[in-house]
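Numbering (the working numbering), first residue to last: 99 to 679.
What follows is the structure, given as C-alpha cells:
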C-alpha cells in the first residue's frame with residue numbers, strides 16, 4: 099500500500115507506513131529550512147531535533163542515502179545568505195519519495211562529511227506527507243557568489259559549462275566543469291607566488307562538478323548524458339544544466355534531475371602538420387611494462403594488469419607513433435628492463451616494424467645499462483632510413499639524477515648530409531609522493547608543488563652536462579625534450595630559459611599550449627627546448643591532443659583501438675630544417 103497524497107500520513111525512519119483512519123494534523127514548532135542551514139558552513143542548530151517543511155526537489159538513486167527537500171518560495175526565511183534546501187537521511191530500503199511531494203520532517207541536525215565541506219542534513223527522521231507542491235529553480239548565469247547559500251536547492255545553470263575533468267565520468271557518472279571557458283594551471287599562466295594563488299582561487303570559484311544522482315560505481319548508463327554516450331572530451335560544452343546542488347566528497351556538485359539541454363562535443367583533432375624535413379616527437383608512454391616479455395608475468399609493478407591490457411596499450415602507442423610520422427622519438431616511462439628481445443622497448447620497436455605500412459626501419463638506442471636504476475627510464479628510437487645515429491649514447495646518474503629525476507639520455511643524429519644534432523630526452527621528478535619530501539623540496543604553497551628544488555637542481559645540472567658536449571660530436575645544436583614535470587612558468591623551466599634555451603612551441607607561435615590535464619586544469623608538463631644554435635632550424639612545433647582531453651576510460655584496458663588515450667600526456671612534434679654541409 100502506498101502513500102495517500104491527499105492526507106497527512108506519518109512515516110517512521112524505518113520506512114513503515116502508518117495509515118491511520120484519520121491522519122493526524124502536523125505538529126506545531128516548524129522551523130524554516132534556512133534557519134537550520136544558517137549562513138555559515140555548518141548549521142547553528144547542529145545536534146538539535148527540529149521540524150521543517152519542504153518539497154522534494156529531485157528524485158535520485160537510493161544510493162545517495164537520502165533525499166533533498168526545499169522550502170517553497172512563500173515559506174523561506176527571507177535571507178539570501180541561507181540556503182532553503184536540506185538533505186534528509188533515509189534508508190534505501192524504505193518507502194521512497196518523489197519530486198513534488200510536500201513533506202513535514204522531524205529529525206536531528208547533522209553535518210555529513212569533512213569540516214568545511216560538509217552537507218547539512220537531518221537524521222533519525224520521521225516524515226509526514228502533506229500533499230503536492232512545486233519549487234522553482236534558482237537560475238545562474240555565472241558562478242554563485244556563495245555556493246553554500248544554495249546547498250540542497252534546485253538550480254538551473256543557463257551559462258555554458260566547459261568540461262575540464264572527465265576521469266570519473268564512466269566510473270561514478272560525474273564530470274568536472276567550469277564557467278567562462280576551460281581552466282589552465284596557474285603556473286602555466288603566471289609566475290609562482292601571489293599571482294598563481296590568485297588564479298588558483300579564481301579557478302576554484304569557477305569550478306563545479308556535475309553528477310548523476312547516484313553514488314553507485316561503474317553505472318551501466320549515465321542519464322544526464324542522454325542517448326549520446328560517446329566519448330566526452332575536455333573542452334566540450336554542456337548547456338542548460340538543471341539539478342540539486344549537493345556537497346559531498348569534498349566538492350559542490352549538481353545532482354542532475356534531467357539531461358542537459360545541449361552538449362557540444364569537442365572534436366578529436368587531426369594529427370598536426372609541422373614544417374621541416376626532420377621530425378622529432380616526444381611521448382610519455384604511461385608506464386609501458388610487458389610482463390616477462392613472453393605473455394606472462396602480469397600484473398607488473400606498473401602499467402597494464404594483464405597481457406590483453408598490455409597488447410592494447412602497445413597497439414595504441416604504435417598507432418600514435420605511426421601517425422606522428424617522426425624520424426626520432428624521445429620516450430618516457432618505459433620499463434627499465436634492459437635492451438634484449440624480451441624488453442618492453444625492443445618489443446615496441448618490433449611492433450612498429452611489424453605494423454601495416456611500416457618500412458621496418460625503426461631502431462632503438464642501446465644505452466647499455468639503464469639508464470638509471472628506477473623502475474622506468476627514458477629511451478630514444480629512430481628511423482634508420484631517415485637519420486643516422488652519430489657517436490655513442492651518453493647519460494648521467496649522479497647528483498640530481500641519482501634519485502627522483504630519471505637519468506637523461508643523449509644521442510646525436512644526422513639527416514642525410516646535414517649537420518649533426520643531439521637529442522636529450524628527460525623525465526624530471528614528479529609532483530607526487532609529497533609525504534616523502536623534506537626541506538627545500540616541501541610544497542611551499544606557491545603553485546609549484548613538492549620536489550620543486552629537486553627539479554631545479556636537475557635543470558641546472560642538465561644544462562652544465564650538455565655544455566660539456568657529452569655526445570662528443572663538437573656541435574652545440576641540442577634539443578632538450580621530455581616530461582619535465584613543471585608548468586611553463588615554474589622555476590625549472592625559467593631556469594633553463596634564463597640559461598639561453600628557447601621554447602620551441604613559442605618559436606613556432608603555438609598559442610595556449612598544454613599537454614596534460616590534472617584536476618580539471620590544462621597545462622604543459624612536456625617541453626621541447628632548443629639551444630641557440632638549433633633555434634634557427636626550428637620550422638614548426640605542435641602538440642597532438644589525442645590523450646589529455648580524452649576520457650580515462652578510452653585508455654587501456656577498456657578503450658577502443660587507435661591512438662586515442664594512448665597515454666595521459668599529449669605528444670610533442672617538432673620540425674627542423676638543416677642546410678647541407
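Every residue gets a Cβ at the ideal spot worked out from N, C-alpha and C, and that includes glycine.
- For residue 286, the enclosing alpha helix (DSSP H) starts and ends at 284 to 287.
- For residue 483 against residue 519, the beta-carbon gap comes to about 18 Å, at or over 8 Å, which does not count as contact.
- For residue 590, no beta strand (DSSP E) segment is defined; the enclosing uninterrupted segment is the alpha helix (DSSP H) at 589 to 596.
- Following the DSSP letters along the chain, one finds residue 292 inside the alpha helix (DSSP H) bounded by residues 292 to 304.
- For residue 366, the closest alpha carbon among the candidates 426, 648 and 316 is that of 648.
- Residue 582 sits close to residue 590, with the two beta carbons spaced by under 7 Å.
- For residue 477, the enclosing beta strand (DSSP E) stretches over residues 474 to 481.
- Only exposed fits residue 222, as fewer than 16 other CB atoms lie within 10 angstroms of its CB.
- Between residue 594 and residue 646, the CB-CB gap reaches or exceeds 7 Å.
- Judged by DSSP secondary structure, residue 220 falls within the beta strand (DSSP E) whose first and last residues are 217 to 230.
- For residue 486, the uninterrupted beta strand (DSSP E) segment begins and ends at 486 to 493.
- Straight-line measurement puts the Cα of residue 625 at about 15 Å from the Cα of residue 598.
- The closest CA to that of residue 587, considering only 329, 363, 507 and 601, is found on 601.
- Excluding five sequence positions before and after residue 262, the CB atoms of its chain that fall closer than 6 Å to its own CB belong to 274, 276, 280, 281, 332 and 618, given in chain order.
- Annotated three-state conformation of residue 499 is helix, per DSSP.
- One Cα belongs to residue 188, the other to residue 219, and the distance between them is close to 10 Å.
- In the three-state reduction of the DSSP assignment, residue 639 falls in the strand class, which pools E and B.
- Within its own chain, the residues whose Cβ lies closer than 7 Å to the Cβ of residue 270, once the five positions on either side in sequence are excluded, are 315, listed in chain order.
- Judged by DSSP secondary structure, residue 161 falls outside any beta strand (DSSP E); it is assigned neither H nor E.
- Look at residue 578 here: in three-state DSSP terms it is strand.
- In this structure, DSSP gives residue 146 a state outside helix and strand, which the three-state scheme calls coil.
- Per the DSSP secondary-structure output, residue 346 pairs in a beta bridge with 349.
- Here residue 522 has 506, 508 and 578 as same chain residues with Cβ atoms under 6 Å from its own Cβ, once five neighbours each way along the sequence are excluded.
- Classified as exposed, residue 214 has fewer than 16 neighbouring CB atoms from the shown chains inside 10 Å of its CB.
- Assigned with DSSP and collapsed to three states, residue 330 falls in coil, not helix or strand.
- When DSSP states are grouped into helix, strand and coil, residue 407 belongs to the helix group.
- In this structure, residue 238 keeps its C-beta atom at 7 Å or more from the C-beta atom of residue 210.
- Between the beta-carbon of residue 374 and that of residue 428 there is about 16 Å, and that puts the pair past the 8 Å contact cut.
- Beta-bridge analysis with DSSP links residue 152 to 201.
- The beta-carbon separation of residue 401 and residue 476, rounded to 16 Å, does not stay under the 8 Å limit for a contact.
- Boundaries for residue 245: no alpha helix (DSSP H) harbours it, and the DSSP string shows neither H nor E there.
- Partner residues in the beta bridge of residue 616, as assigned by DSSP, are 619.
- In this chain, the alpha helix (DSSP H) harbouring residue 563 covers 550 to 565.
- Here residue 416 carries a helix assignment [DSSP, helix/strand/coil].
- Bounds of the alpha helix (DSSP H) holding residue 131 are 131 to 135.
- By the Cβ rule, the region 352 to 368 does not count as touching the region 382 to 394, because fewer than three pairs are nearer than 8 Å.
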